[in-house]
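Here this note's numbering is used: the first residue of the sequence shown is 193, the next is one more, and so on.
For each residue, glycine too, the CB sits at the ideal point set by N, CA and C.
All remarks here apply to the structure that follows.
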Amino acid sequence: MNGKVETTTKPVWKNPFVYTGVLIVVLAIYIGWVVFSRWNENRVLEQRARDLAAEKQREQDKNTIEQMGGSELAIQSFYGNPTIRRGQTGQLCYGVANAKKVTLEPQSSPVWPSYSRCVDITPAKTTTYTLTASDASGHTVSQTFTVKVQ
193 MNGKVETTTK PVWKNPFVYT GVLIVVLAIY IGWVVFSRWN ENRVLEQRAR DLAAEKQREQ
253 DKNTIEQMGG SELAIQSFYG NPTIRRGQTG QLCYGVANAK KVTLEPQSSP VWPSYSRCVD
313 ITPAKTTTYT LTASDASGHT VSQTFTVKVQ
């Protein structure tokens with residue numbers, strides 16, 4: 193014997209670590225693909241849900257604007273106690289849309305644009321009240337209401 197140790201090299205495909213390593217890499221790629229595809233699908237579903245919620249909110253906003261008079265100047269309501277006794281205090285209520293200035297004649301207390309507001313009145317005799325609303329463009333609308341005093 194000449195003291196040399198003969199080493200035999202195995203081919204790479206006979207090494208179990210190669211197969212295990214390849215299997216782990218393939219498994220990691222598959223798991224990564226599954227995680228990514230689910231994440232992407234969830235992102236698409238969330239975006240779709242956000243878009244539907246935004247569309248629903250726009251529709252509700254549009255309906256609210258239409259209920260509040262849209263973009264036109266309007267007196268939406270003007271009402272009160274049609275008959276009161278002499279010396280009693282009654283209420284006169286109004287609602288205007290898109291008004292910049294509101295006047296109530298004859299009335300001593302100030303009024304302003306509102307979707308729903310009531311003012312106290314104490315007429316001494318039967319009185320016709322005139323509500324006038326004007327917008328920034330100078331357009332005006334008026335409406336009257338008569339309170340009968342007994």
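Looking at the structure shown, is Val218 part of a helix, part of a strand, or coil, going by DSSP?
-> In this structure, Val218 counts as helix in the three-state DSSP scheme.
(Q) From the DSSP secondary-structure annotation, give me the bridge partner or partners of Thr332. (A) Answer by DSSP bridge pairing, in chain order: Ser326.
- Message: For Gly344, tell me which candidate among Thr200, Ser334, Lys206 and Asn234 has the shortest Cα-Cα distance.
- Response: The structure shown does not extend to residue 344, since the chain is modelled only from 193 to 342, so the question has no answer here.
- Message: Could you tell me the alpha carbon to alpha carbon distance between Val214 and Ser229, rounded to whole angstroms?
- Response: Going from the Cα of Val214 to the Cα of Ser229 covers about 22 Å.
What residue range does the beta strand (DSSP E) around Leu296 cover?
From DSSP, the beta strand (DSSP E) with Leu296 extends over Lys293 to Glu297.
* Measure the C-alpha to C-alpha separation of Arg309 and Pro274 and round it to an integer number of angstroms. => Taking the straight line joining both Cα atoms gives about 17 Å.
**Three-pair Cβ contact test at 8 Å for the region 314-329 versus the region 263-272** = Enough Cβ pairs lie closer than 8 Å, so yes.
Quick check on Lys248: does DSSP put it in helix, strand or coil? Secondary structure at Lys248: helix, using DSSP grouped into helix, strand and coil.
Buried or exposed: Pro315, going by 16 or more other Cβ atoms within 10 Å of its Cβ? The Cβ neighbour count for Pro315, taken over all protein chains shown within 10 Å, is at least 16; the residue is labelled buried.
> Would DSSP call Arg309 helix, strand or coil?
Replying inline: In the three-state DSSP reduction, Arg309 falls in the strand class (E or B).
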